[in-house]
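Here's the structure, in structure tokens; my notes come after.
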Amino acid sequence: IRRDAVAGHRYAQEMGGLSGEPVREASTRMIRLLRDHVGSACALIGVGGVMQAEHAVDKLNAGADLVQVYTGFIYAGPGLVKASAEAMQQSVSLK
């Protein structure tokens, strides 16, 4: 994983995982590429950087069938789950 998004941050050079906002765009691009490659042959779970409800909708629009929230849940709390579910439901019903 490229760490460009955290360059200059206090702990940018530390070992360990990278999650949250720094991986959001890359993971959404990967979902889109995978969906284009596999079509409807398998379910895709959108993960990475879902920090607000709109990010969950972005994962669906990229081709995810389900969305996982972890880091965003830690920082935003359980309200993010409800807001994401409502935003995704509204997005699907508008199509």
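Using this note's numbering, read the sequence shown as starting at 7 and increasing by one per residue.
The C-beta atom is built at its ideal place from N, Cα and C for all residues, glycine as well.
Pick from the options: whose alpha carbon is nearest that of residue i?
| i | options | result |
| --- | --- | --- |
| residue 66 | 20, 42, 23 and 51 | 51 |
| residue 70 | 25, 37, 91 and 57 | 37 |
| residue 40 | 68, 60, 89 and 24 | 68 |
Assuming the contact rule is C-beta atoms closer than 8 Å, residue i and residue j should be a hit. Round their C-beta distance to whole Å, please.
| i | j | result |
| --- | --- | --- |
| residue 72 | residue 47 | Wrong, their Cβ atoms sit about 16 Å apart, outside the cutoff. |
| residue 63 | residue 94 | 6 Å |
What residues in its chain sit with their C-beta under 8 Å from that of residue i, if we drop five residues either side in the sequence?
| i | result |
| --- | --- |
| residue 44 | 50 |
| residue 97 | 63, 66 and 67 |
| residue 75 | 56, 62, 86, 87 and 90 |
_Contact between the segment 27-36 and the segment 82-91 is defined here as three or more beta-carbon pairs at a separation below 8 Å; is this criterion met?_
no
*Mind pulling the alpha helix (DSSP H) runs of 4 or more residues that sit fully within the segment 19-64?*
27-44
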